[in-house]
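Chains as they are written, first to last, in the numbering used here: chain E, 1 to 111; chain D, 1001 to 1113.
A quick write-up on the structure given underneath.
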């Protein structure tokens, strides 16, 4: 089967750095995406890794290691508004963009 | 439009009734996806379209669920004879290509009572 594992919840303080890990077992793996969801609203795209290494987009970075079937999302200079659920999602070859999601990590940012 | 528009926002149906959800993808996007999210947990893939053609329907409970994306009409997801376990938020997403990021709508919250 196909599955992605990520921690269910993480807590951090404002201004800190937090890393959300994601391990995957998917056939025909193509790339790993990260989405943010506030209060059950529309998920918004944060980052994508198609190749090994680090992708940086402002305060958010994402990393992928295909050999370890592992990726992470790094959030720097945390702000209260970053409190949300974060989902990793895998896409596969010839899957037409279909995403297989992890269970989501609820991030709570404290003052 | 510049965003994925889903209607209605909320839908309440009695068990056994029909439910129909609509999605207008972003103009110019060729791929449309439907996902089901129960209790803010993982998103379960239901079906995808490439233009008006079904691309992948491996996630659909086919006996009760059906979906269409016809030209010049919103896409639709229909559930015949709803069950309590169909209560969820149904998200529609669209993308320009199979490797581009997906843009999600605000979802339709279906409650089956």
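Built from N, CA and C at the ideal position, the CB exists for glycine as well.
Treat the numbers as computed from the prediction; the structure is a model and nothing was measured.
With a cut-off of 8 Å, does the C-beta of residue i fall near any C-beta of chain D?
i             : result
residue 71/E  : no
residue 27/E  : no
residue 104/E : yes
Alpha carbon to alpha carbon, how far is residue j from residue i? Give it in angstroms, no decimals.
i              : j              : result
residue 1098/D : residue 36/E   : 20 Å
residue 1089/D : residue 1017/D : 17 Å
residue 31/E   : residue 90/E   : 6 Å
residue 104/E  : residue 53/E   : 22 Å
residue 76/E   : residue 38/E   : 18 Å
residue 1030/D : residue 1053/D : 10 Å
residue 43/E   : residue 1104/D : 6 Å
residue 191/E  : residue 20/E   : Since the first and last residues shown for chain E are 1 and 111, residue 191/E lies out of range.
residue 1078/D : residue 1058/D : 16 Å
residue 57/E   : residue 47/E   : 7 Å
residue 15/E   : residue 79/E   : 6 Å
residue 1032/D : residue 74/E   : 29 Å
residue 7/E    : residue 1044/D : 18 Å
residue 1080/D : residue 1060/D : 13 Å
Quick one: does residue i have its CB under 8 Å from some CB of chain E?
i              : result
residue 1076/D : no
residue 1101/D : yes
residue 1056/D : yes
residue 1107/D : yes
residue 1012/D : no
residue 1022/D : no
residue 1098/D : yes
residue 1089/D : yes
residue 1104/D : yes
residue 1073/D : no
residue 1066/D : no
Which whole-angstrom value is the C-beta distance of residue i and residue j, which I expect to be below 8 Å?
i              : j              : result
residue 22/E   : residue 4/E    : 6 Å
residue 13/E   : residue 110/E  : 5 Å
residue 1004/D : residue 1092/D : 6 Å
residue 72/E   : residue 60/E   : Not a contact, Cβ separation roughly 11 Å.
residue 102/E  : residue 1040/D : That pair is no contact at about 13 Å.
residue 1083/D : residue 1112/D : 6 Å
residue 1087/D : residue 1020/D : Rounded, the Cβ-Cβ distance is 16 Å, inconsistent with contact.
residue 1096/D : residue 1006/D : Between residue 1006/D and residue 1096/D the Cβ distance is about 19 Å, and since that is not below 8 Å, they are no contact.
Inset, instruction - Determine which residues of the segment 32–56 of chain E have a Cβ less than 9 Å from any Cβ of chain D, and write them out in chain order. - result: 33, 35, 37, 39, 40, 41, 42, 43, 44, 45, 48, 50
Legend entry - Contact between the segment 1017–1034 of chain D and the segment 1049–1061 of chain D (3+ Cβ pairs under 8 Å): yes
Legend entry - Three-pair Cβ contact test at 8 Å for the segment 1068–1086 of chain D versus the segment 72–87 of chain E: no
Inset, instruction - Check each residue of the segment 1040–1051 of chain D: if its Cβ is closer than 7 Å to any Cβ of chain E, include it; give the result in chain order. - result: 1040, 1041, 1042, 1043, 1045, 1048, 1050
Legend entry - Interface positions of the segment 89–102 of chain E facing chain D (Cβ-Cβ less than 9 Å), listed along the chain: 89, 91, 94, 95, 96, 97, 98, 99, 100, 101, 102
Legend entry - Residues of the segment 1027–1038 of chain D with Cβ closer than 9 Å to any Cβ of chain E, in chain order: For the segment 1027–1038 of chain D, the set of positions with a beta-carbon nearer than 9 Å to some beta-carbon of chain E reads 1031, 1033, 1035, 1037 in chain order.
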